[in-house]
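Residue numbers (the working numbering): 323 to 753.
Given below as structure tokens:
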């Protein structure tokens, strides 16, 4: 049995005002190619398919397209809800998508056996894709009839799904109660899986491997700035020892691909696209998970191509031209590199946005975020602390306040122009 484990697609994400529709389309095309090339039996998405609970229409269309194309390839899909996903939205087409071989688990399915999903092995030959413009989308995918694995299909667990709030509890007590409730839920579902496994073994003489899923932060997991805390004030991280001894545990929520506790069988696949500038240097991947009657056999990482280059640069105005020229090599006029630039030493300059715009002129790059090195700016502002408002012009006061912000150069320039207009109108009125 071969599973493709992925998570955190965040379809519909707007990256600082930029649509990622083209990237997500390229991702789905690439993913379907890997499913065919590597004879994947089933695809498992461990949460956060969407970026928000109200994704744009193109994101929903990509979701539907992915389901239909996997159905045509004879490959089942198991989708778990994440903390970014809307439970109500994922439920909308749950029954319809089941006819296309997609099992959607938006929230807790129930106790024990109710939360188990059997994933079949792929047919020996995928059905040919018809040229008929109106194919029968409701044909059930062909399979071997035998389950390839049992899945403890556990989505993002909300505290209200597991606990009754109690007045007067300390934050530590709430954290302990939630951890125990999550651990107990995993154990109940896993025990039901063991019983189902034993029943199948008794009938066929074959052991079926068990997978568990999850969408949460584990102890020691390395996160990034785009990862939202999901148990704020209640649960910081779930301990590795609290997971049941499943053959493989497929996790989502953390965007950096990694083993948990150094264990081969507990993994975050990570997000397939960089979702923030601090993820730009990460190697993004999906995981091929091979299992058989003996359990986990191998986990193979498939690197995901970079469909839209992102880079974070840092340096003084004298250092940035060389860094920008190097970054530009990854871009094209029709696909510029998206940049975050942190300026050191010269960060106090009021015309910094205009200077950076001049440095990037003619290069296949696009500056999305300008940061100022706080330490330098703070030191300079401290040295200016003895100044009084009487010694500064209104333009200087505004410029010094604006330099503490991290807006894009376009926004800073627009704010400066708007402020100048308001100031001129006030001065004319006073005259």
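Ideal placement from N, C-alpha and C gives every residue a C-beta, glycine not left out.
It should be emphasised that the depicted structure is a prediction, and the values quoted were computed from it without experimental measurement.
Starting from residue i, trace the alpha helix (DSSP H) in both directions and tell me its first and last residue.
| i | result |
| --- | --- |
| residue 608 | Counting along the chain, residue 608 falls outside any alpha helix (DSSP H), though it belongs to the beta strand (DSSP E) covering 607 to 614. |
| residue 482 | 481 to 484 |
| residue 413 | 409 to 414 |
| residue 360 | Note, residue 360: premise wrong, no alpha helix (DSSP H); not H, not E. |
Starting from residue i, follow the beta strand (DSSP E) in both directions and report where the run begins and ends.
| i | result |
| --- | --- |
| residue 576 | Taken as a continuous stretch (DSSP letters only), residue 576 belongs to no beta strand (DSSP E), as it is neither H nor E. |
| residue 397 | Looking at the DSSP string, residue 397 is not in any beta strand (DSSP E), and its letter there is neither H nor E. |
| residue 332 | Premise fails: residue 332 is in no beta strand (DSSP E) and is neither H nor E. |
| residue 367 | 364 to 368 |
| residue 586 | 585 to 590 |
| residue 424 | 424 to 427 |
| residue 727 | Where residue 727 is concerned, there is no enclosing beta strand (DSSP E), given that its DSSP letter is neither H nor E. |
| residue 664 | 659 to 665 |
Residue i by DSSP, collapsed to three states: which one?
| i | result |
| --- | --- |
| residue 761 | No answer is possible for residue 761: it lies beyond the span of the chain, which begins at 323 and ends at 753. |
| residue 741 | helix |
| residue 532 | strand |
| residue 747 | helix |
| residue 504 | helix |
| residue 720 | helix |
| residue 527 | coil |
| residue 436 | helix |
| residue 582 | strand |
| residue 462 | Because residue 462 sits at a pLDDT of 34, beneath the cut-off of 50, its placement in the model cannot be relied upon, and the point is left open. |
| residue 561 | coil |
| residue 475 | coil |
| residue 469 | strand |
| residue 570 | strand |
| residue 442 | strand |
| residue 384 | helix |
| residue 342 | coil |
| residue 324 | strand |
| residue 603 | coil |
| residue 595 | coil |
| residue 401 | strand |
| residue 678 | helix |
| residue 418 | helix |
| residue 538 | coil |
| residue 354 | helix |
| residue 349 | helix |
| residue 734 | helix |
| residue 431 | coil |
| residue 516 | helix |
Is it buried or exposed for residue i, if we count other Cβ within 10 angstroms and need 16 for buried?
| i | result |
| --- | --- |
| residue 540 | buried |
| residue 675 | buried |
| residue 526 | exposed |
| residue 280 | Absent from the structure is residue 280, since the part of the chain shown begins at 323 and ends at 753. |
| residue 585 | exposed |
| residue 521 | exposed |
| residue 495 | exposed |
| residue 420 | exposed |
| residue 394 | buried |
| residue 574 | buried |
| residue 338 | exposed |
| residue 342 | buried |
| residue 601 | buried |
| residue 748 | exposed |
| residue 593 | buried |
| residue 567 | exposed |
| residue 336 | exposed |
| residue 407 | buried |
| residue 423 | buried |
| residue 591 | buried |
| residue 734 | buried |
| residue 739 | exposed |
| residue 631 | buried |
| residue 684 | exposed |
Tell me whether residue i, by its Cβ, gets closer than 6 Å to a heavy atom of the ligand FMN.
| i | result |
| --- | --- |
| residue 340 | Judged by which ligands are present, the structure shown has none, so any question about the ligand FMN falls away. |
Measure from the C-beta of residue i to each C-beta in chain B and report whether the shortest distance is under 7 Å.
| i | result |
| --- | --- |
| residue 363 | Looking for chain B here will not work: only one protein chain is present. |
Identify every run of the beta strand (DSSP E) within the stretch 621 to 656, keeping only runs that are complete inside it and at least 3 residues long; order them along the chain.
632 to 637
Does the pairing of the stretch 604 to 619 with the stretch 644 to 654 give three or more beta-carbon distances under 8 Å?
no
Counting beta carbon pairs with one atom in the stretch 368 to 378 and one in the stretch 623 to 630, are three or more of them shorter than 8 Å?
no
Below 8 Å, how does it come out for the stretch 664 to 673 and the stretch 689 to 696: are there three or more Cβ pairs, yes or no?
yes
Given 8 Å, three or more beta-carbon pairs between the stretch 323 to 331 and the stretch 348 to 367
yes
Inter-stretch contact (C-beta, 8 Å, three-pair minimum) for the stretch 380 to 397 and the stretch 474 to 482
no
Give a yes or no on contact between the stretch 364 to 371 and the stretch 671 to 690, applying the rule of three or more CB pairs nearer than 8 Å.
no
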